[in-house]
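Protein chains: 2
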Amino acid sequence: MEALDYHAGERSKAEFDVEEMKIVWAGSRHAYEISDRIARLVASDPVFRKDNRTMLSRKDLFKDTLKKAAHAWKRIIELRLSEEEASRMRFFVDQPAFTDLHWGMFIPAIKGQGTEEQQQKWLPVAYKMQIIGCYAQTELGHGSNVQGLETTATFDPQTDEFVIHSPTLTSSKWWPGGLGKASTHAVVYARLITDGQDHGVHGFIVQLRSLDDHLPLPGITVGDIGMKFGSGAYNSMDNGVLRFDHVRIPRDQMLMRVSQVTREGKYMHSDVPRQLVYGTMVYVRQQIVLDASCALSRAVCIATRYSAVRRQFGSQNGGPETQVINYKTQQSRLFPLLASAYAFRFVGEWLNWLYTDVTQRLQANDFSTLSEAHACTAGLKSLTTTATADAIEECRKLCGGHGYLSSSGLPELFAVYVPACTYEGDNIVLLLQVARFLMKTVAQLGSEKKPVGTTAYMGRAEYLMQCHCDVQRAEDWLKPSVIVEAFEARAARMSVACAKSLSKFSNPEEGFAELSADLVEAAVAHCQLIVVSKFIEKLQRDIPGKGVKRQMEILCNVYALSILHKHLGDFVSTGCITPKQGALANEQLRLLYTQVRPNAIALVDAFNYTDHYLSSVLGRYDGNVYAKLYEEAWKDPLNDTVVPDGYHEYIRPILKQQLRTARL
Amino acid sequence: MEALDYHAGERSKAEFDVEEMKIVWAGSRHAYEISDRIARLVASDPVFRKDNRTMLSRKDLFKDTLKKAAHAWKRIIELRLSEEEASRMRFFVDQPAFTDLHWGMFIPAIKGQGTEEQQQKWLPVAYKMQIIGCYAQTELGHGSNVQGLETTATFDPQTDEFVIHSPTLTSSKWWPGGLGKASTHAVVYARLITDGQDHGVHGFIVQLRSLDDHLPLPGITVGDIGMKFGSGAYNSMDNGVLRFDHVRIPRDQMLMRVSQVTREGKYMHSDVPRQLVYGTMVYVRQQIVLDASCALSRAVCIATRYSAVRRQFGSQNGGPETQVINYKTQQSRLFPLLASAYAFRFVGEWLNWLYTDVTQRLQANDFSTLSEAHACTAGLKSLTTTATADAIEECRKLCGGHGYLSSSGLPELFAVYVPACTYEGDNIVLLLQVARFLMKTVAQLGSEKKPVGTTAYMGRAEYLMQCHCDVQRAEDWLKPSVIVEAFEARAARMSVACAKSLSKFSNPEEGFAELSADLVEAAVAHCQLIVVSKFIEKLQRDIPGKGVKRQMEILCNVYALSILHKHLGDFVSTGCITPKQGALANEQLRLLYTQVRPNAIALVDAFNYTDHYLSSVLGRYDGNVYAKLYEEAWKDPLNDTVVPDGYHEYIRPILKQQLRTARL
């Protein structure tokens, strides 16, 4: 018997080799094979089922998460999975858990900030999960401004200990994942105080709970901070609150790779460069950019497949209605998001290279590219997470009413994704950092210091300030050089305009504050240029597979021209392009949509997501949407009985006009 | 003892009479007094508490909703509330319930589409709630395209009955609120078939459940469609699925005001104009616009108050950090939303007048303004709901990490609000209707038929196509006439440009489909003009109260100039304004933010929302945010025990390296 496939017709229309595109998407054949194998392993294991997740109460959801985490760990041991495979398994289990923080933050913090000795002591027990750790930085009153943290770690030379303390309510640690219920240990960030002197914020390893009975140790108050956005979603995580009442830890639990406190209480620095910390930030943020492309591609996959199933209007002579994916309004909203998913994937891949490059330079004491790399990752983190959060919601709306059902998978995807916009640097704060770097770059133009890396184009600012776009016909917009120059000119002109406005202020900081909204826009223009450039650079390499490169070129153009259309005001008002050229870009965009259309389903198939991972009735591989929606509905607990609980107390008395006497 | 008020300093800075502004916001002193009284009544009644709502399981939440609905009905009877007061009570209870559909859709459908006789039979029992009704239109496979519905109502002359039937899976009724568990009756939309002939979709009153035991009647399958977006939110509503297996109803249960089926099975029309139906649409949509201003103002109130509490960065000499509301980046995101809340309020008020006007004309058989009114309400429904959904999420992000907590109130507000973008007309489909009307208007320019109402400016298209904005200094942008002309010119030029492009297609329908994305943008420009114009018109009236009018003028300018900045590409590329004038508008906008700043808290106080209604720790009137966040956290069920349920099965075996032998 043939498997049911409502999308078979769509799939046969594809003009490229989907299997080869899967490898492009995964990054390499090796990465593809691991992902594919682990995804199927997870999908076929009943413990990992998640289709009922949004119906669980908070307590049941948390217990389910503990169960999955334990089961995943068991499978990792049984199957002797590599670190890479284990990480893919956690990814495909797709349920935020304390293990994410243990592996993703606690262990890296010790690796990055601990001395050799500390690493030898703590890492082996952490790798075996004989302790479970989290990362306790943010406080109730302090997020973005790490230097404003209030928790104190005061050295007591009498006992050779630090006293960790929460002096105010707002100093309560607040938000750390895994802290509330699961972690036995934490890396705690606190102000280091020796001999009455405040040395700023440092990291300390603190045991929170007994390894015997999991009860909090004396002086420690710890709990969960409560429900968060959505059902399911991040409610599987025990984001926690933590207060210290003069908790003592041995001196050697301060992370001392960069700074130390001696037995006598003397504070000193080692010769390890402080800049190492930025290397870690680059790493974390490139991961966030790749995560953005995952979340976005998932939403786009659901919306694209459902748009090919859903039909509305346009029936002729009693025939079927039109697939909504054929409407230009649907295409003009959906296809730029599809293109963005690919664009973010490739810029994330490039960031991964950047991280390796920066790390090698740091090891050779070369800090020359560090601030540019830092600005670039900050900006791309901000750009991709903001765009992805908006895009998931747009995909939900593209699914019409049914996108509002939990079984569409989109509400939970949105709710679980949006914190990416505020964690690891608030997106607006990050853009201001980028803007600050851009203003510095503009100020140094003409000096010895040449702009490097992603700001290299600024070196041609003089040309970019007066160049003219020479597009005369719509198809001229397909030339990569034309696109890059327009984006470079726009970014350069916006930065230079900001710098000019800034120069009118006698106090530069005041000017920066006053003009910050404009500066944010200039930073966005710069970041969009990076994404476009890296996509184009990717296309300059050899890409095997029939029609694969061609599809990528189309998507690259869709990405660039849709951004241009959306920010037309920037391009036209800075004189980079004429209104007529803007209209031609829009015309070309429409033609590109027509080229994407027959390949749309295959382009989302290339993400290679299992139905388990997608967790969406609307996004099912086989397109059998309506029968499954109907089937899913009956699983709601409210359908356990035909007459609902509460009928006798609250409905019947209304109908029978007996409310006055009813006891409510 | 003085009540705690962290915002007292902010409140004392206000430059206008807040009490008078409350009346402006409410629409009249009468409306203010009713709202104020009922809001307090609901807030003080423990049955209506809702701070624990996001923690309830689906079943408990639904039962809680039934309880509140019954209690509200009891209070309405006991206090002999007027219809207006009762409606305010349901509003402030603020939990979607079957009663919303009974009063808001079932009863109006009978009133609008039933004959005198039918009204006399059904309305008295409905008013007393001896029956509970819902509105069953959309189907699993059919939403926007009402003419595509599949459910059939076949007349059987033998028995003088209609046979209601669901011929396919996709014909299952799907989504109607109140249908799943509570309703005893429904107005069902089905294709009327007499003597083998299909007369299109008509409404029928169908009993679904026994009035004795609430069991579904024979042939009826009914249930809930399952979890929806968010925790709490719309999960209090039993949106339902319904299938008919040849269910028979008497002939007189077809709603026969406009069309009838006689005893012999003859289909005929009465002399009641079919256009009446549009009158109802105008009514429903003006209500949606007012709802948008409520939801938006609520989110803005929370974000504004919290932005005055939250401090981050900028501490000098150990002093407190800067209130985030003082940052221009925060202001440039928040204040346009504050201005939008007021703008939507006033355009909603105007729509209310429009509805009265249209109704009076219909009664006098004057259909001349109907299609313009219909296009205008469709467009404003789309514009305001899209903007509000986006704005709620933006307000959540403006609250940083803490906005992600359910206790902030914003996640639930978002989840409960977003369906407004897809119900009562999908927002994109509606904009295409507006665009179609605009193209018709352009085509008729120069003919006998003069554009009326909100399209009257099109009569001056010739002038608007070539006029020049004469702004030379930033403050020139404060003149209402300058703003209106810029918006009119932009809207006219975009419509005319679309019409020109359309004329190049030999098949106009093909052209409309191909250019639909551009047409949507032209429709948005037209709708934004309406909002701006109505705000300005409102300011031309007498407005009492010290400084009240001045504040409204500032907000009106913020609204107009922020829209202009956001859509700068439209204004500049159509040549309505120069890039330089665009920059001046932006400069003026920054100055306006400085004027809003001291009044921000008072401007959200003017919404007069109780803490109960806001249901947000971040938006508390007294600003006591941190202590209450901390207090709320401990209420989560996960904090019932210090050691979580699941520790012994799933955490301890990991820590003790006993996973291999553990039974998972």
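Line by line, the protein sequences give chains A and B.
Counted from 1, the first sequence has number 238 at position 238 by UniProt numbering; the numbering is strictly sequential.
Counted from 1, the second sequence has number 273 at position 273 by UniProt numbering; the numbering is strictly sequential.
For each residue, glycine too, the CB sits at the ideal point set by N, CA and C.
As the structure is a prediction and not an experimental result, all values here were calculated from the model.
- When the Cα atoms are used, Arg58 of chain A and Val416 of chain A turn out to be separated by approximately 15 Å.
- Contact check between the segment 298-305 of chain B and the segment 223-239 of chain B: fewer than three CB pairs, one atom from each, fall below 8 Å, which does not count as touching.
- Annotation for Met281 of chain B: the continuous alpha helix (DSSP H) segment containing it runs Leu276 to Val309.
- In the DSSP assignment, the residues bridged to Ser259 of chain B are B:His269.
- For Ser172 of chain B, the CB contacts under 8 Å within the same chain, skipping 5 residues up- and downstream, are Glu139, Leu140, Ser166, Val241, Leu242 and Arg243 in chain order.
- One alpha carbon belongs to Gln286 of chain A, the other to Ile392 of chain A, and they sit about 20 Å apart.
- Looking at A:Lys63, A:Val643, A:Ile249 and A:Glu83, the one whose alpha-carbon comes closest to that of Gln158 of chain A is A:Ile249.
- Between Tyr6 of chain A and Arg310 of chain A, the alpha-carbon positions lie close to 11 Å from each other.
- At least 9 Å separates the beta-carbon of Pro419 of chain A from that of Glu15 of chain A.
- Taking 9 Å as the cut-off, the beta carbon of Leu296 of chain B is found closer than this to the beta carbon of Ala387 of chain B.
- It is roughly 9 Å from the alpha-carbon of Val442 of chain B to the alpha-carbon of Ala492 of chain B.
- Around Leu255 of chain A, the same chain offers Gln113, Gly114 and Gly203 as residues with beta carbons nearer than 6 Å, after the five sequence neighbours per side are excluded.
- Along the segment 39-61 of chain A, the positions whose C-beta sits under 8 Å from a C-beta of chain B are Val47, Thr54, Met55, Ser57, Arg58 and Lys59, read in chain order.
- In the DSSP assignment, Gln197 of chain A falls within the unbroken beta strand (DSSP E) covering Gln197 to Gln207.
- The beta-carbon separation of Gly379 of chain A and Leu430 of chain A, rounded to 7 Å, stays under the 8 Å limit for a contact.
- Contact between the segment 580-591 of chain B and the segment 263-275 of chain B is absent, with fewer than three C-beta pairs closer than 8 Å.
- Taking the Cα positions, Leu4 of chain A is about 57 Å away from Pro451 of chain A.
- For Glu19 of chain B and His30 of chain B, the gap between their C-alpha atoms comes out near 14 Å.
- At least one C-beta of chain B is nearer than 9 Å to the C-beta of Ser407 of chain A.
- A Cβ of chain A is located within less than 9 Å of the beta carbon of Val572 of chain B.
- Around the beta-carbon of Asp94 of chain B, 16 or more other beta-carbon atoms lie within 10 Å, marking it buried.
- Listed as beta-bridge partners of Trp174 of chain B by DSSP are B:Val241.
- Pairing Asp390 of chain A with Gln275 of chain B, the inter-Cα distance amounts to about 39 Å.
- According to DSSP, Ala136 of chain A shares a beta bridge with A:Val188.
- Inclusion of Tyr621 of chain B and Asp611 of chain B in the CB contact set at 9 Å is warranted, their separation being smaller than that value.
- Under the DSSP assignment, Ala517 of chain A falls in the alpha helix (DSSP H) whose first and last residues are Ser516 to Leu539.
- Here the alpha carbon of Asn507 of chain B sits roughly 33 Å from the alpha carbon of Gly547 of chain A.
- Chain-order list of chain B residues neighbouring Asp160 of chain A: empty, with the shortest C-beta distance near 28 Å, by a criterion of under 7 Å.
- DSSP places Thr388 of chain B in no beta strand (DSSP E) but in the uninterrupted alpha helix (DSSP H) bounded by Leu370 to Leu398.
- Each residue's CA atom was taken as its position, placing Leu383 of chain B and Lys128 of chain A some 55 Å apart.
- Not flagged as an interface residue toward chain A: Ala499 of chain B, since no C-beta distance is shorter than 9 Å.
- Listed along the chain, the chain A residues whose CB falls inside 8 Å of the CB of Tyr650 of chain B are Lys63, Leu66, Lys67, Ala69 and Ala70.
- Contact of Tyr327 of chain B with chain A by beta-carbon distance below 8 Å involves Ala513 and Ser516.
- Comparing alpha-carbon positions, the option among B:Phe162, B:Lys111, B:Thr184 and B:Val558 lying closest to Lys479 of chain B turns out to be B:Val558.
- Checking the DSSP bridge columns, you'll see Ala153 of chain B partnered with B:Ile164 and B:Leu192.
- By the criterion of a C-beta distance shorter than 8 Å, Glu412 of chain A is surrounded in its chain by Arg53, Thr54, Gly230, Ser231, Gly232, Ala233, Ser406 and Ser615, once the five residues flanking it on both sides are discounted.
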